[in-house]
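When we follow the UniProt record's numbering, the leftmost residue of the sequence shown carries the number 1, and every step to the right adds one. All C-beta atoms in this analysis are idealised placements derived from N, C-alpha and C, irrespective of residue type, glycine included. Since we're looking at a predicted model, the values are computed, not measured.
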Amino acid sequence: MEQSSDLNPILSAFQKDLHAGTPPLDALRAILTATSGRAVGLWRRQDDTLLQIGFCTVDDMPAETHDAFAAATKHVPLNETGLGIVKAVQTAAPALADLDTQATVLETSATWLARFAARRSLAVPTLSNGTINGVLAVSTAKDLTPGHAEWDLICRLAAELGDLLPTSD
1 MEQSSDLNPI
11 LSAFQKDLHA
21 GTPPLDALRA
31 ILTATSGRAV
41 GLWRRQDDTL
51 LQIGFCTVDD
61 MPAETHDAFA
71 AATKHVPLNE
81 TGLGIVKAVQ
91 TAAPALADLD
101 TQATVLETSA
111 TWLARFAARR
121 SLAVPTLSNG
131 TINGVLAVST
141 AKDLTPGHAE
151 WDLICRLAAE
161 LGDLLPTSD
């Protein structure tokens with residue numbers, strides 16, 4: 001995918017931090033700002049587990065909510081089917097979770113959305129050489145749907161991030 005210039009600052013921040021082996025918090029904060037997000041996270045796939053690379057939330061997020069989610073999603077087995085990040089890997093497609101549990105089968109994600117004061121989350125798989133190697137997820141209070149600028153930005157970022165993620169060796 002051709003890299004778009006609006007992604008360059010975010011991707012450069014990811015590249016710098018991932019190369020240094022540090023959580024890419026500046027890049028994640030930039031995604032929060034660009035998407036009006038409430039929370040954003042990046043995971044890499046290692047075998048049948050998603051390993052959290054970084055997670056950040058808006059400044060007004062209660063610390064206990066931030067810390068609880070960060071701890072609960074540090075290592076996520078791919079059989080945790082109530083989470084959008086897992087569904088994105090299993091289906092090899094963007095996974096939308098909704099606060100309204102009637103609109104989604106992702107009950108665990110819906111619970112976290114309520115705690116984040118968010119309406120929806122979008123989890124998009126990242127790929128390297130055609131293989132899913134991670135997931136980028138953003139939770140937002142917006143009505144996130146295909147075709148919206150935020151949806152497109154998250155999908156474009158995920159498409160670029162796959163080649164930047166550390167390998168699972």
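Non-local beta-carbon contacts of Ile154 in its own chain, meaning distances under 7 Å to residues more than five positions away in sequence, involve Thr35, Leu122, Val124, Leu136 and Val138 in chain order. Residues of the same chain with a CB within less than 8 Å of the CB of Leu113, apart from the 5 flanking positions on each side, are Ala97, Asp98, Leu99, Arg119, Arg120, Ser121 and Ser139 in chain order.
In the three-state reduction of the DSSP assignment, Val76 falls in the strand class, which pools E and B. Every unbroken stretch of the beta strand (DSSP E) spanning 3 or more residues and falling wholly within the segment 86-161 is given here in chain order: 95-98, 120-128 and 131-140.
In the same chain as Pro9, and ignoring 5 residues on each side of it, the C-beta atoms closer than 8 Å to its own belong to Ala30, in chain order. Note on Asp17: 16 or more other CB atoms within 10 angstroms of its CB, so buried under the neighbour-count rule. Per DSSP, reduced to three states, the secondary structure at Thr57 is strand. In summary, Lys74 is exposed, with fewer than 16 beta-carbon neighbours lying within 10 Å of its beta-carbon over all protein chains present. In the structure shown, the three-state DSSP call for Leu11 is helix.
Closest in alpha carbon position to Leu25, among Arg38, Leu7, Gly37 and Cys56, is Cys56.
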